[in-house]
Amino acid sequence: MQPLRFGRSALIALALSINITASAATDDTPLADLSLEELITLEVTSVAKKPQKPEEAAAAITVITAEDLRRAGVTSLPEALRLAPGVEVAEIDGNITAVTIRGFNWRFSSKLLVLVDGRAIYSPSLTGLFWDQQLVPVENIQRIELVRGPGATMWGANAVNGVINIVTKHAADTQEGLASVEASTHEASRVFGRYGFRLGDTGAVRAYGVQRTTPALADSNGSAYNDGSDAWQAGFRMDLEPTFQDSVTLQGDIQKLEFQTTIDTTLVGEILYAGTQDDQAEGYNLLGRWVHSFSNDHTVTVQGYVDHILRNEFDSEFDVTVYDLDLNHHFKPFDNLDVVWGLNTRKVEDKIEGNFQFEPAEYSYDWFSGFAQVELEAIPERLRFTLGAKVEDNSFTGMETQPSLRAIWLGQSNWALWGAVSKAVRTPSRFERHINSLITAFDPYTEFNQTPLPINVYLVGSSDFDIEKMVAYEIGFRKTFENGAALDLTAYQQDYSELLTPRTSEPVVNFGYPFGPDGPALPVSVDQAVILVNGDGGSISGVEASLTFKPLKNWTLTALADVRDPDLPSSTFSSNDAALVQFAGASPSWQAQLRSHHEISDKVDLTWTVRQVSELEGGIADAYTDLDIRASWQVTNKLELSLIGENLAEEYRAETESGVYPAPTGYVERRVLLRAGLRF
Amino acid sequence: MSLLSLALRFALAGIAAISLAFTAHAQSADDRDNQIRAAMVFNFVRYAEWHTLKPTNSLVLCVSEDARILDELRALSNREVNGKTLTVHLLSGVSEEDCHLAYLSETHALDEKAFSLFQRGVLTISSVPDFTSHGMIELVTIGRQTRFSINNSIANEAGVSFSSRLLRLAVTVR
Numbered sequence: 082m083q084p085l086r087f088g089r090s091a092l093i094a095l096a097l098s099i100n101i102t103a104s105a106a107t108d109d110t111p112l113a114d115l116s117l118e119e120l121i122t123l124e125v126t127s128v129a130k131k132p133q134k135p136e137e138a139a140a141a142i143t144v145i146t147a148e149d150l151r152r153a154g155v156t157s158l159p160e161a162l163r164l165a166p167g168v169e170v171a172e173i174d175g176n177i178t179a180v181t182i183r184g185f186n187w188r189f190s191s192k193l194l195v196l197v198d199g200r201a202i203y204s205p206s207l208t209g210l211f212w213d214q215q216l217v218p219v220e221n222i223q224r225i226e227l228v229r230g231p232g233a234t235m236w237g238a239n240a241v242n243g244v245i246n247i248v249t250k251h252a253a254d255t256q257e258g259l260a261s262v263e264a265s266t267h268e269a270s271r272v273f274g275r276y277g278f279r280l281g282d283t284g285a286v287r288a289y290g291v292q293r294t295t296p297a298l299a300d301s302n303g304s305a306y307n308d309g310s311d312a313w314q315a316g317f318r319m320d321l322e323p324t325f326q327d328s329v330t331l332q333g334d335i336q337k338l339e340f341q342t343t344i345d346t347t348l349v350g351e352i353l354y355a356g357t358q359d360d361q362a363e364g365y366n367l368l369g370r371w372v373h374s375f376s377n378d379h380t381v382t383v384q385g386y387v388d389h390i391l392r393n394e395f396d397s398e399f400d401v402t403v404y405d406l407d408l409n410h411h412f413k414p415f416d417n418l419d420v421v422w423g424l425n426t427r428k429v430e431d432k433i434e435g436n437f438q439f440e441p442a443e444y445s446y447d448w449f450s451g452f453a454q455v456e457l458e459a460i461p462e463r464l465r466f467t468l469g470a471k472v473e474d475n476s477f478t479g480m481e482t483q484p485s486l487r488a489i490w491l492g493q494s495n496w497a498l499w500g501a502v503s504k505a506v507r508t509p510s511r512f513e514r515h516i517n518s519l520i521t522a523f524d525p526y527t528e529f530n531q532t533p534l535p536i537n538v539y540l541v542g543s544s545d546f547d548i549e550k551m552v553a554y555e556i557g558f559r560k561t562f563e564n565g566a567a568l569d570l571t572a573y574q575q576d577y578s579e580l581l582t583p584r585t586s587e588p589v590v591n592f593g594y595p596f597g598p599d600g601p602a603l604p605v606s607v608d609q610a611v612i613l614v615n616g617d618g619g620s621i622s623g624v625e626a627s628l629t630f631k632p633l634k635n636w637t638l639t640a641l642a643d644v645r646d647p648d649l650p651s652s653t654f655s656s657n658d659a660a661l662v663q664f665a666g667a668s669p670s671w672q673a674q675l676r677s678h679h680e681i682s683d684k685v686d687l688t689w690t691v692r693q694v695s696e697l698e699g700g701i702a703d704a705y706t707d708l709d710i711r712a713s714w715q716v717t718n719k720l721e722l723s724l725i726g727e728n729l730a731e732e733y734r735a736e737t738e739s740g741v742y743p744a745p746t747g748y749v750e751r752r753v754l755l756r757a758g759l760r761f
Numbered sequence: 003m004s005l006l007s008l009a010l011r012f013a014l015a016g017i018a019a020i021s022l023a024f025t026a027h028a029q030s031a032d033d034r035d036n037q038i039r040a041a042m043v044f045n046f047v048r049y050a051e052w053h054t055l056k057p058t059n060s061l062v063l064c065v066s067e068d069a070r071i072l073d074e075l076r077a078l079s080n081r082e083v084n085g086k087t088l089t090v091h092l093l094s095g096v097s098e099e100d101c102h103l104a105y106l107s108e109t110h111a112l113d114e115k116a117f118s119l120f121q122r123g124v125l126t127i128s129s130v131p132d133f134t135s136h137g138m139i140e141l142v143t144i145g146r147q148t149r150f151s152i153n154n155s156i157a158n159e160a161g162v163s164f165s166s167r168l169l170r171l172a173v174t175v176r
């Protein structure tokens, strides 16, 4: 039976392949209707791992273009993500920002998969990613594709609440030099330099460096509570296209950060690493990709990368190296059938030592996965179904299957209605399985400990911690009106089960012999463990909307809003048992934004953004209103000056709380920046 | 079924598909490339202004007879751009002073034709390497990518100005 079944699948492969010759590439959009930016390339890969127009994707997708980034004047990735609907961004301190989509906003973005040029920056050792180490310069970004909702069928475990794919510019687009210098109030500064050149007729290369100093956020009295951070990153990208069918990309980055972390002992009593500490992080990555195009509709991609990070903080060392190899094949066996499939293998080696103790301290683990997705054009130009599944084998929980079914109806007058049902999982990280660490100690008769004995609090993982599961139901509507206005609406419900929950165990009293080995055994201390377990599930439903329109030829208004109604166990927001632990984070119930871009003349443009964010879950931070203004003047062909005011509406505000670490709440202040960009 | 055997089947089926697919004919690379070039030329019209030519209701694109993208450019005829109608003519078929922009093949890009067009304030475009040493816009091919370079000082001298947006997108600006 087995050989026969294999024989059949080989036959199907044969049948599919033979038809490739018969299917001609068809693309009906006259290219002259596209803008220059689109001609240079505006295609979305996040949903389907193949070129696709965002308006025809059966998923909640937003693309932030290089021009959007320039207009908004943002220089950090988290700020850039604020330009898309449904993304929650909250500054925790001077260098860490919490980012999520559709809820659970905390320091490590644990339910979000973020990729830079196809390199996943989600760290499988610590349940999320370190935003302070994401230093991709905005000047190099070609576009950011954001998918709200699960992308697990394509991208695998941890693409639960969303996928963010940051795509940097082709080296052909970064020739000659660019320098950018920024100075601001509050001691923030940034210097960026880039130079690129052609490699004959078939390739191009660029190298860049960026240095960034960010100030600490203020405490509630308005004074900085530590020194903020200094970071630099340098890197390169080389694109070679030796034949019309082959393109090869080689790119890499190296970075170093120095920052300060402050622990607020008034929150937790005596702690091993109290006070302000000088901490460091560093990292490098190297990625190679080869794409062979048989035709526009038929490509094979092979990609491999290595990614290393090393962090020293809280007197702990966190050292992770990831090796990843990926094969992706896209083809069209029939005119109305489009297939993408791929294989991926990943190896992680890590070492976690110091105050944060993992058992074992060193660990090496593997992932293996395969996915396939077929898109069937059931009615030409009208109705498409997308069916896909990813099967992923990981060292922690074994085999996980993540299927999705999507459908889109393309209406005659530029509208589209789509719906999707998909399943995603978040696999356990080392943290949830292996942490076993003393995190704080409370002295007797203090605010948190009314007993006569000192209490030691341990954070303990569970060896049987299992996946968090999620099933998402989504429906969306898009319409582009005659006058160019574009409306995008999405409603969703995401049902979670077995969410990470901290549980307090029974305290254990330690006995000792304070009067020597012959004296009586007396209680000397109490050990209290906070254990990470799979707890209850819950659901989040919500609506996301965006509307872009042009009241005048040179004036664009963009309105964004999202509303969220969570029905989650309260223990996932914050644990009363352990004040230290907030593993699920906190999200606002609604956000709204109005952004205006006005081209006052060819050389002067003005952008302003008003943004409102509601109170966070659990009252962790108050509602706030934000006003950002940017004025830019193209002085000459080569020189652009911009003046940027951030957070102008309020003197200061807290956007969220630290979470995980008992750091004091950071307040975001008004900032004014002056930036000069020079081409050379 | 064990994971290994599942993976093996998966991989083998895939390799079979890929290797068979190698027999497929590649789509003509040049067709798409030429269409992109023509679409770029059309976009330049959107972002250019002519200060020395007298205002008319139409814009005339003049093309060298032997230009490789002649057919693609001809297909742009009668398209509306900035409230004017674009018409496409052969360079040999019209008087130079009727042209607003010219797409030059190697035959014209390198000789005095380019210079005389420049003198008349015509926006000159070509794919000939190093065209921006004396012309205004050069379509640049780097591997599979089509981009453009601009010589803004020559354009300004001839009375043609480009919007900041166009200049920002150019891979090089002189």
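So the sequences go chain by chain: A and B.
Positions 82 to 761 (our numbering) are the ones given, in order, by the first sequence.
Positions 3 to 176 (our numbering) are the ones given, in order, by the second sequence.
By construction, the Cβ of each residue, glycine as well, lies at the ideal position given by its N, Cα and C atoms.
Remember, predicted model here, so these are calculated numbers, not experimental data.
The beta strand (DSSP E) that contains residue 483 (chain A), what's its start and end?
479 to 491
Identify, in the order they occur along the chain, each residue of the same chain with its Cβ nearer than 7 Å to the Cβ of residue 463 (chain A), setting aside the five sequence neighbours on each side.
490, 491
Got a sec, what are the start and stop residues for the beta strand (DSSP E) residue 567 (chain A) sits in?
567 to 578
Could you give the residue range of the beta strand (DSSP E) that holds residue 326 (chain A)?
First-last for residue 326 (chain A): undefined, no H or E at that position.
Between which two residues does the alpha helix (DSSP H) containing residue 755 (chain A) stretch?
It is not in any alpha helix (DSSP H) - residue 755 (chain A) instead sits in the beta strand (DSSP E) that spans 752 to 760.
Hey, would you say residue 273 (chain A) sits closer than 9 Å to residue 261 (chain A), going by beta carbons?
yes
When DSSP labels each residue in this structure, what does residue 117 (chain A) get in the three-state scheme?
helix
In DSSP terms, what residue 412 (chain A) is bridged to
A:420
Anyone know if the C-beta pair for residue 331 (chain A) and residue 367 (chain A) falls short of 9 Å?
yes
Quick check on residue 656 (chain A) - is its C-beta less than 9 Å from some C-beta in chain B?
Bear in mind that the predicted position of residue 656 (chain A) carries a pLDDT of just 43, short of 50, making it too unreliable to give a figure here.
Is there a Cβ of chain B sitting closer than 9 Å to that of residue 325 (chain A), yes or no?
yes
Is there a C-beta anywhere in chain B that falls below 9 Å from the one on residue 111 (chain A)?
yes
Within chain A, the residues that residue 238 (chain B) reaches when beta carbons sit closer than 9 Å:
Chain B is shown only over 3 to 176; residue 238 (chain B) falls outside these bounds and no answer can be derived.
For residue 756 (chain A), is the classification buried or exposed, using 16 other Cβ atoms within 10 angstroms of its Cβ as the cut-off for buried?
buried
Tell me whether residue 268 (chain A) sits in a helix, a strand or coil according to DSSP, three-state version.
helix
Is it right to say residue 681 (chain A) is buried, meaning 16 or more other beta carbons lie within 10 angstroms of its own, or is it exposed?
exposed
Could you give the residue range of the alpha helix (DSSP H) that holds residue 681 (chain A)?
No alpha helix (DSSP H) contains residue 681 (chain A), which DSSP labels as neither H nor E.
Just checking: is the beta-carbon of residue 171 (chain B) within a distance shorter than 9 Å of some beta-carbon in chain A?
yes
So, are the CB atoms of residue 93 (chain B) and residue 65 (chain B) less than 9 Å apart?
yes
How many angstroms separate the CA atom of residue 557 (chain A) from the CA atom of residue 457 (chain A)?
19 Å
State the beta-bridge partners of residue 592 (chain A) as determined by DSSP.
A:604
With DSSP as the reference, please indicate the residues paired to residue 715 (chain A) in a beta bridge.
A:721
Any beta carbon of chain B sitting closer than 9 Å to that of residue 116 (chain A)?
yes
Less than 9 Å between the beta carbons of residue 287 (chain A) and residue 275 (chain A), yes or no?
yes
Can you tell me which residues form a DSSP beta bridge with residue 502 (chain A)?
A:486, A:554
Could you list the residues in the segment 276 to 306 of chain A with a C-beta less than 8 Å from some C-beta on chain B, going in chain order?
279, 282, 283, 284, 285
Given that residue 39 (chain A) touches chain B, what residues does it touch there, using C-beta distances under 7 Å?
For residue 39 (chain A) there is no data in the structure shown, the boundaries of chain A being 82 and 761.
With a threshold of 16 other CB atoms inside 10 Å of the CB of residue 121 (chain B), please say whether the residue is buried or exposed.
exposed
Residue 112 (chain A) to residue 43 (chain B), Cα distance in whole Å?
11 Å
Could you tell me which uninterrupted alpha helix (DSSP H) segments, each at least 4 residues in length, are contained entirely in the segment 104 to 171 of chain B, listed from first to last along the chain?
108 to 111, 114 to 121, 154 to 160, 166 to 171
Minimum Cβ-Cβ distance from residue 321 (chain A) to chain B less than 9 Å:
yes
Quick one, which residues of the segment 244 to 262 of chain A are near chain B if we go by CB-CB under 9 Å, in chain order?
251, 252, 253, 254, 255, 256, 257
With distances taken between CB atoms, is the gap from residue 751 (chain A) to residue 721 (chain A) smaller than 9 Å?
no
Between the CA atoms of residue 747 (chain A) and residue 197 (chain A) - distance to the nearest angstrom
28 Å
Could you tell me whether the Cβ of residue 175 (chain B) comes closer than 9 Å to any Cβ of chain A?
yes
Quick one: is residue 459 (chain A) buried, meaning 16 or more other Cβ sit within 10 Å of its Cβ, or exposed?
exposed
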